[in-house]
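**Q**
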Amino acid sequence: MHQITNDNHAEALDALRDILLMYYEMTTDYGGFGHAVNMNVRFDPLKFIDAERDPKAYYIDIDLLRAGSAIAIVCEFYDVWCNEFYLPADSCTRYQDALEVGRLRFFPDIEEFLRAATARYVVPVEDGWFAEAVVPIYKRYVLGLFAQLAAPQRSA
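Going by this note's numbering, the first residue of the sequence shown is number 28, and it counts up by one from there.
1) Taking 8 Å as the limit between beta carbons, can you name the residues of its chain near I87, skipping five residues before and five after?
2) Do you know whose CA, among L141, M53, L92 and P179, lies nearest R121's CA?
3) What does DSSP give as the partner residue(s) for E138 in the beta ladder?
4) Below 8 Å on the Cβ atoms is my contact criterion, and I expect M49 with A94 to pass it. Report the Cβ-Cβ distance as a whole number of Å.
5) Give a yes or no on whether the C-beta atoms belonging to F157 and W108 are separated by under 7 Å.
6) Please determine if the segment 158 to 177 and the segment 124 to 132 are in contact, where contact requires at least 3 C-beta pairs separated by less than 8 Å.
7) Where do the N-terminal and C-terminal ends of the alpha helix (DSSP H) with Y50 fall, by residue?
8) So what's I100 in DSSP terms, helix, strand or just coil?
9) What's the call for D106, buried or exposed, on a 16-neighbour Cβ count within 10 Å?
10) Is the beta carbon of E139 less than 7 Å from the beta carbon of C119?
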């Protein structure tokens, strides 16, 4: 598990920028998951999927950092599906390993989806299951973030 400190805080900020760009492109370009939507993700999602923030470190939205990492992993599986490869493909092996040891524990819905996708092994593009299964994930994490940001903030 990665610990975010003042010394590596900038790296976490860069990852958050990549996540926000990915979310923006998902929303404006695809209205959901789309092929290569994670192409601007420059960080390793496994580094932040279960990261913790040192209480003495500068503030960082750890929930968004973790969630964006999970979405980047789903994007990789989505690309494999779009390219009609078998799941899990070589590019997903590290993520499958992380799934098996519980590193995606903060996201039980994503864990369930990834387990179901890999259990199917072959999911033809013509099969609508995969495209339909990612819709609730997109709505919860991506649209949910934008809705939260757009909601009026109440002062105490």
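Don't be surprised by glycine CBs; every beta carbon is placed ideally from N, CA and C.
**A** The structure says:
1) The beta carbon of I87 sits closer than 8 Å to the beta carbons of I31, H36, A39, L40, L43 and R80 from its chain, once the five residues preceding and following it are set aside; these are given in chain order.
2) Residue nearest to R121 within the set L141, M53, L92 and P179 is L141 (criterion: CA-CA distance).
3) According to DSSP, E138 bridges with nothing at all.
4) Not a contact, Cβ separation roughly 11 Å.
5) yes
6) no
7) Its alpha helix (DSSP H) spans residues H36 to E52.
8) helix
9) buried
10) no
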